[in-house]
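The next block holds one structure in the form of structure tokens; read it before the comments.
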Amino acid sequence: MKVVAKRPESLQETRFHYCPGCTHGIVHRLLAECLDELNLREKAIGICPVGCSVLAYDYFNFDTLEAAHGRAPAIATAIKRLLPDRCLVTYQGDGDLASIGMGEIIHASLRAENITVIFINNAIYGMTGGQMAPTTLLGQVTTTSPYGRTVEANGYPAKMAELLAQSEGAAYVCRTAVNTPANVTRTKKAIKKAIQMQMKGMGFTMVEVLSTCPTNWGMSPVEAMKWVGDHMIPYYPLGEFKVKEEG
Amino acid sequence: MKVVAKRPESLQETRFHYCPGCTHGIVHRLLAECLDELNLREKAIGICPVGCSVLAYDYFNFDTLEAAHGRAPAIATAIKRLLPDRCLVTYQGDGDLASIGMGEIIHASLRAENITVIFINNAIYGMTGGQMAPTTLLGQVTTTSPYGRTVEANGYPAKMAELLAQSEGAAYVCRTAVNTPANVTRTKKAIKKAIQMQMKGMGFTMVEVLSTCPTNWGMSPVEAMKWVGDHMIPYYPLGEFKVKEEG
Amino acid sequence: MEKQVLFAGFGGQGVLAMGLFLSHAAMSSGKNVSWVPSYGAEMRGGTANCLVTIAEEEISSPLTENPLMAIIMNRPSLDKFEKRVKPNGLVMINSSMVDRTPDRTDLEVLAVPVNELAEEMGNPRGANMIMLGAYLEKTSVVQVEEALEYFPVIFKGKSERLIEANRKAFMAGVEYARTRM
Amino acid sequence: MEKQVLFAGFGGQGVLAMGLFLSHAAMSSGKNVSWVPSYGAEMRGGTANCLVTIAEEEISSPLTENPLMAIIMNRPSLDKFEKRVKPNGLVMINSSMVDRTPDRTDLEVLAVPVNELAEEMGNPRGANMIMLGAYLEKTSVVQVEEALEYFPVIFKGKSERLIEANRKAFMAGVEYARTRM
Amino acid sequence: MEERVLMKGNEALAEGAIRAGCRAFFGYPITPSSELAEYMARTMPKIGGVFVQAESELAAINMVYGGASTGARVMTASSGPGLSLKQEGISFIAEGELPCLIVNLSRGGPGLGGIQPSQADYFQATRGGGHGDYRTLVLAPSGVQEMMDLAMEGYDLADRYRTPVLIMAEGTLGQMMEPIILREPVTQFVDKPWATTGCAGRKPNVVNTLHLDPEFLETRNRHLDAKYKEIQAKEQRAETFMMEDADLVVMAFGIIARIAKRSVMDARKQGIKVGLIRPITLWPFPERIVAEAAKTVRRFLSIEINMGQMVEDIRLAVNGQVPVEFYGRIGITPNPEELTREIMRIAEREGF
Amino acid sequence: MEERVLMKGNEALAEGAIRAGCRAFFGYPITPSSELAEYMARTMPKIGGVFVQAESELAAINMVYGGASTGARVMTASSGPGLSLKQEGISFIAEGELPCLIVNLSRGGPGLGGIQPSQADYFQATRGGGHGDYRTLVLAPSGVQEMMDLAMEGYDLADRYRTPVLIMAEGTLGQMMEPIILREPVTQFVDKPWATTGCAGRKPNVVNTLHLDPEFLETRNRHLDAKYKEIQAKEQRAETFMMEDADLVVMAFGIIARIAKRSVMDARKQGIKVGLIRPITLWPFPERIVAEAAKTVRRFLSIEINMGQMVEDIRLAVNGQVPVEFYGRIGITPNPEELTREIMRIAEREGF
Amino acid sequence: MARGRLKFDDERCKACELCVFYCPQGILELDKHQMNSLGFHPVTITQEEKCNGCAICAMMCPDMIIQVERE
Amino acid sequence: MARGRLKFDDERCKACELCVFYCPQGILELDKHQMNSLGFHPVTITQEEKCNGCAICAMMCPDMIIQVERE
Ligand SMILES: Cc1ncc(C[n+]2csc(CCOP(=O)(O)OP(=O)(O)O)c2C)c(N)n1
Ligand SMILES: Cc1ncc(C[n+]2csc(CCOP(=O)(O)OP(=O)(O)O)c2C)c(N)n1
Ligand code: SF4
Ligand code: SF4
Ligand code: SF4
Ligand code: SF4
Ligand code: SF4
Ligand code: SF4
Ligand SMILES: [Mg+2]
Ligand SMILES: [Mg+2]
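Protein chains in written order, with the numbering used here: chain A, 22 to 268; chain B, 22 to 268; chain C, 6 to 186; chain D, 6 to 186; chain E, 274 to 625; chain F, 274 to 625; chain G, 52 to 122; chain H, 52 to 122.
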């Protein structure tokens, strides 16, 4: 008998504080597995966002910083410039990356910073209790779009992968999901590829992961997984939006 | 004899403080002519940036506000929401719009705010004395890229028209120049079209105008005009990047 | 005199709602009241609690270190708050989820297996109303009859079905307190 | 005693450079010196000026309301600064661009048509060095000979041609002061 | 007795603003202020008002700058880090002399800190955390009724003095519920000829804070200074309690003031001559009341949920006449029992 | 005499930082601080250092947060509005206890204000314009030599106390030139085991400012408070001039202090017993020196390029013993002649 | 004949039922008779012999409750 | 035979020479004999009769120095 699934070394023993069925946990594990497999744990420096995953510094088993809301890419930029051989990973939510952090993420990509961004798109502000995110879908009800998001009042949901793929400094931009075993596998592949390209110095890399927030969506974890497939993926198509060729 | 060229009503008598040959003056005049011709002077509210054109409030002959650096789109948003029948025009430089104001401009476009943005891309920070702008070309020497802009140190120049054209909330996105009489004419057409679409409530409109900064480029005004054609236009292609259909 | 009662339990157990109900009832019956939750939209899991202060006169401090009464819905809450209850105070315990009794001997302790009772009546989410019923029957901080009158006001906007279910649960608590304690 | 001299003119006239040259020269000759520009990267056009303070001892205030001497390169500067020069102070005027003389009678006034002179020597940008030459010849704030020695130091990095041109212009100013004033 | 409704502090404040004529809210979510935004998101569409969830606090405060420039009554709310991000904008609003309401439901700092109630933004609020010489009027409610009342009064003050008004309340005040009396909606408003609404039938208006001419910059600053001195002269507010014959004066604002009140009563029961001064305006600080008290009392005790920031204002007002002590907690709101102990400790030590 | 070079204040400060081991500069241009960034842009590539023109002041200060976390000596510089935008970040850096150098070449405010030299950011600098209970060490040079020397000392203080150090200098100090002596480069550095550089061979390090547990948040704040008290005890610095026998004490910092010095000399020539105290650390404020002086002198005169912000610190130190007067300009730097007039006015009025 | 064996970290299970939903064999369910200190009914396996060791349950578990061994 | 007539606001001309460069007729130049109070040689027209009134000079002038009239 051999163990086929267990806790990766890049994660500490600490129990996640996340709500039952929250997919933050899955993505944490995938990132940790990639770092283990690439043998980068000791070179890794993680930047945690302000969002439900703010406490990720309690979970990752490598050096981490907790960033001011939205500024993770700026922090990662400075560290990477000073320590070019380290592996810089920011982990950011949709409020953090696409709302308050829009300027920082776009400029990090334009500057072709050699960092990897894990972007958790759960179409809502989880930590603060379910307000509208830039990625909230049209019609979706949140505490700050109580009658459902409309173009007139709230504008269009931000397609960050598409937007960042425009940036010449972006080496790898991919959107995946964790709503099925197959997509979980693809997500892990994407994260690994992004980190590898970062370490090759090819430029800015980002993996947008469509995730769930059962608590603030008011669904069971299983319903939430279905909602990702039925409503999010149709608007946020999965796939690689930019893959820079080597050399 | 009839007068074929004279100062438009939407401009005050005040003398521009701009350097000799600075094209800010040309664009000021074009905007004023459009407002005159569309009979919108009394409905117009202009938001001036922080940049050489900060003093535009002394030149425009309609209500104006001077905005904090980069925040003009947020200010215009609030005013337009409260006074939906007014004509909101922000006038912003490349540092103002593409650097510190990146978040505000992208979100105004995502929200499909009914405003018109005049974006003066002169590939440099004029007011502060010639520092690198997000739009500074590769190889271009500025006071903060003294050895010429490189991808490694400074990243890629931002193509704002292309970026904002991605936004579903954008109704009209166009890039023009004022380096030839023909382009000046096209620029005026574009500004007029943008304002008309704003007043029809079609969404966010922007005209990026390739301009000159003879002083900080270290060129004569005429040389500067040629430089726009020889170096800027090849990297920043002219044309309409997004034109939303009516209805 | 100001009466202060603490409601404590898991996030999902409706402890804040218990406090709210009591506050509404107290206000409706002409008293002064304040309701202070331990909030934390930025905290996940962990215990939730709220403190209700009821008085005839104007309320000075809506907070206290030593509440007169505590409604304890889970074990961690007992561990945390037992020592803080006023001498000779009252502690009501959800015995379905608390596997011990207080160590203090001066306290009046009433145990109600609200989860079991709720499951029995096929209304698992009604556990908190059961406890509330038992509490009011026992203490008359607000008269049970009064409280019942305010149901429609307090649950304004909620469906008849839900109001009825809550009333049933509430009465079951009252019943339990009358008969079994 | 601290000597303070003000250089004032249009942006393009090299008034800051004049002050800088003097500061370098003064420092090289072992004096204490401070150079304070009226700065304004955020202002376009208008007048530029700088104040140079030279002293044997440590310099207390690098600023003053009433400089002992003023080098006036254009009309607006004369209008602005005439009244501020110390009683019986010295004012040197670029007569090519200032169409009036000071109203004050206590001032020592020296007019030099530096633009004409510069045009004549086919070095229009040399006007400021001409004025400087005349000024040093007149006042010996720094000895002309000393100043000449420092040319290579002060213009370090500049082309021989340019240094030579500047020296020529400087000497033309010295010449003018010797012969014509 | 008028009909009372049980309301959360956040909702009372929001409802108060609306009854005062607030027609636009621009905000970015942050605990513990988000409920306020959520109330506005529900309500504004119903009353033809504007609610915009801004992309950031920076955008929000600049939307306030724009919104206030139209003459409308507008507001924003945030907490800790969000307030810091608004400092540039507040400085602009102060110099632009744009009336508006800014709410800080304060939480623990520095940095991301915690979401526990706090008063550690006192310096930022009263000294102007932004650049330049400016002040904001700062109101500190101590109960849910005052959350509504001060929101309404805040708008009057803002319009009267053409200045931003800041309401600073510890998170608890936003979260707690109390029965309150709903106030009548405001119907009379001052007109604002300076507003930038389009220049039809008049000369263009300009809202501007740039003054490159040094003399004019000085004139502007002296103008603001004169205004602030007038506010200091006219608008100092404080509640006093059991002050006659007091040896010891407890000073506290916000919710702590109520907790301290109970402690003062308890200490009085034990025969200690102790009174309470509760600043309602943090700026202007009620220095006259404090200075007056300093003539007769023997000692001040400042109680704050921070490291003692208000102590400076008390000492400036007392001007060395009597000692000023401090008792503070952080993150944790002290209970009446705790404060009574502290009062008794001092009373015994000093033999009051 | 050592070899002197004529240098601009901005360049002297930048060169000082580099000689102190600064290896990364993150900034966003703003007058009058841009020259400092430009010097770094020219120099860093040559010495294998990092220069990044950030997209904004927010990005810049957060780059400082990240850069300092690696243990490197890093810095940023800005002015007025830019400093306001950095307040959130500074609060994070203070709680993260990250040593770094922040420069404010201050200009006139509020709002966009003007680019004239100013001291109106005194409150923001000394009270912590950001949220929460924190302080930054604030150094105020008064000449070009000090621009270099205090930059170097700033890094030592930052590392010793693990705290951000702010250098506040009026724009003029950055623009003016004086001959200075270049200091020897620093070669000894403290090691920083807390730095986040990758966890090879050790447990992971964490740089964090979030403390959801109230008790721990309080512990953190008390830890910072203790550190600040130690700094107040050990690091107060001021220059005194002609203080023995002085009736009137002029207090001024930065370039005004030098102008005032001349006025003091002039007034002395006219037989007035006047002295000068120049705070070099604005925080901690040199209260001991001031309190000591307050025992013997008869009056203080604070001279500032603002509306009188330092007056509060002087009054807190003097604690009511003698009167504190104020003379201020804004946007305009007063000349020695003007200050002498003011000193003489007071001297005559008071019969000194 | 079972090819996989599972270990559960019962105390940490949050009863989200994702594993239950995704298990191709449908052999996982919450154990209503147990409650962990978090107040959840932890998951358990009904017919161990049917487990094929595919580890999909572990892959979809956000909290790493399930350790899977395979022959 | 001239079709255009020009008025110059000499005092405000900044001598940038854009009009000079863009005039299709090449009939504009700086007047070296004049200097306005800004210190610039203002532009002037050399052969008025050649002006076709196309107003390109005015279109390219950033400072609205030139007013053009056409028959
Ligand atoms: C400057 C600042 N603004 C606002 C907040 C409040 N806040 C905390 S998390 C968050 C957004 C969380 O949403 P997201 O980034 O999508 O992460 P999620 O919780 O959904 O994973 C906000 C607005 C803050 N902490 N700091
Ligand atoms: C918050 C803030 N940061 C920086 C500045 C300094 N500043 C003034 S204008 C400007 C940029 C000017 O460049 P651009 O926007 O391209 O306008 P231009 O002058 O080139 O027309 C900067 C950085 C400021 N005034 N405020
Ligand atoms: S709130 Fe949403 S995102 Fe946050 S932990 Fe819970 S489920 Fe996950
Ligand atoms: S600096 Fe450049 S942009 Fe500014 S006015 Fe001069 S030429 Fe125009
Ligand atoms: S290993 Fe596969 S079959 Fe076995 S329990 Fe897990 S999911 Fe089901
Ligand atoms: S997925 Fe994990 S946490 Fe959820 S029920 Fe299964 S074992 Fe428990
Ligand atoms: S109108 Fe045409 S032809 Fe006449 S001067 Fe102007 S550009 Fe030349
Ligand atoms: S007229 Fe206009 S374009 Fe021609 S030189 Fe004068 S300013 Fe320049
Ligand atoms: Mg989210
Ligand atoms: Mg520009």
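Note that the Cβ used here is the ideal one computed from N, Cα and C, for glycine as well.
Go to Asn142 of chain A, then tell me how far its beta strand (DSSP E) extends in each direction, as first and last residue. 137-142
Flag Glu68 of chain G as yes when its Cβ comes closer than 7 Å to any non-hydrogen atom of ligand 6, and as no otherwise. yes
When burial is assigned at 16 or more other CB atoms within 10 Å of the CB, is Val463 of chain F buried or exposed? exposed
Using only CA atoms, which one of E:Asp432, E:Ile440, E:Asp422 lies nearest to Leu455 of chain E? E:Asp422
Every unbroken alpha helix (DSSP H) within the stretch 426-452 of chain E, with a cutoff of 4 residues, ordered by chain: Taken in chain order, the complete alpha helix (DSSP H) segments of 4 or more residues contained in the stretch 426-452 of chain E are 444-448.
If you measure from the CB of Gly67 of chain A, is any heavy atom of ligand 5 nearer than 7 Å? Distances between the C-beta of Gly67 of chain A and the heavy atoms of ligand 5 are all 7 Å or more.
Measure from the alpha carbon of Phe205 of chain C to the alpha carbon of each residue in C:Glu63, C:Gly35, C:Arg80, then state which is nearest. Residue 205 of chain C lies beyond the stretch modelled for chain C, which goes from 6 to 186, so this question has no answer here.
For the pair the stretch 104-120 of chain B and the stretch 67-77 of chain B, tell me if three or more CB-CB distances fall below 8 Å. yes
Which residues, taken in chain order from the stretch 604-619 of chain F, show a beta carbon closer than 8 Å to some beta carbon of chain D? Thr606, Asn608, Pro609, Glu610, Glu611
Buried or exposed by the 16-neighbour rule on C-beta atoms within 10 Å, applied to Leu104 of chain B: buried
Assess, as a yes-or-no matter, whether the stretch 306-326 of chain E is touched by the stretch 282-290 of chain E under the definition of 3 or more beta carbon pairs within less than 8 Å. yes
Of all the residues that make up the stretch 128-139 of chain B, which are near chain A by a beta-carbon distance shorter than 7 Å? His128, Leu131, Arg132, Ala133
Residues near Glu557 of chain F in its chain [Cβ-Cβ closer than 6 Å; skip 5 each side]: Looking at the sequence itself, residue 557 of chain F is Pro, so the reference to Glu does not match. The residues are Ile504, Gln505, Glu508, Gln509.
Where do the N-terminal and C-terminal ends of the beta strand (DSSP E) with Met74 of chain D fall, by residue? Per DSSP, Met74 of chain D belongs to the beta strand (DSSP E) from 74-77.
Leaving aside the five residues before and after Phe599 of chain F along the sequence, list all residues of the same chain whose C-beta is less than 7 Å from its C-beta, in chain order. Ser575, Gly581, Val584
I'd like to confirm something about Ile126 of chain B: is its beta-carbon nearer than 7 Å to some heavy atom of ligand 10, or not? no
Residues of the stretch 461-485 of chain E with Cβ closer than 7 Å to any Cβ of chain B, in chain order: Here the close residues are Thr469, Thr470, Gly471, Cys472, Ala473, Pro477, Asn478, Val479, Val480, Asn481, Thr482, Leu483.
So is Phe15 of chain C in contact with chain G if we call contact Cβ pairs under 8 Å? yes
Can you tell me whether Pro205 of chain A sits near ligand 6, meaning its C-beta is under 7 Å from at least one heavy atom of the ligand? Note that residue 205 of chain A is Val in the sequence shown, not Pro. Outside the cutoff, so no.
Answer with buried or exposed for Tyr168 of chain B, where buried requires no fewer than 16 other C-beta atoms within 10 angstroms of its C-beta. exposed
Since Ala179 of chain B meets chain A, which of its residues come closer than 7 Å, beta carbon to beta carbon? Simply Leu131.
If contact is defined by three or more beta carbon pairs under 8 Å, each pair taking one atom from either stretch, is the stretch 350-365 of chain E in contact with the stretch 127-135 of chain B? Result no; under three Cβ-Cβ pairs closer than 8 Å.
For chain A, check one thing: does any of its Cβ atoms lie closer than 8 Å to the Cβ of Gly104 of chain G? yes
Go through its chain and collect everything with a Cβ distance to Ala179 of chain A's Cβ below 7 Å, but skip five positions before and after it. Ala119, Pro155, Thr156
Give the secondary structure of Gln152 of chain A by DSSP, where H, G and I count as helix, E and B as strand, and everything else as coil. strand
For Leu331 of chain F, which residues in the same chain have their Cβ closer than 6 Å to its Cβ, ignoring the five residues on either side in sequence? So the qualifying residues of the chain are Leu358.
Give a yes or no on whether the C-beta atoms belonging to Ile68 of chain B and Thr111 of chain B are separated by under 8 Å. The Cβ-Cβ distance between Ile68 of chain B and Thr111 of chain B falls below 8 Å.
Residue environment, Met111 of chain G, which counts as buried when at least 16 other CB atoms sit within 10 Å: buried
Using a 10 Å radius around the Cβ and a threshold of 16 neighbouring Cβ atoms, would you call Asp394 of chain F buried or exposed? With 16 or more other Cβ atoms within 10 Å, it is buried.
Check for me: the beta strand (DSSP E) holding Ala65 of chain A runs from which residue to which? Start and end: 65-69.
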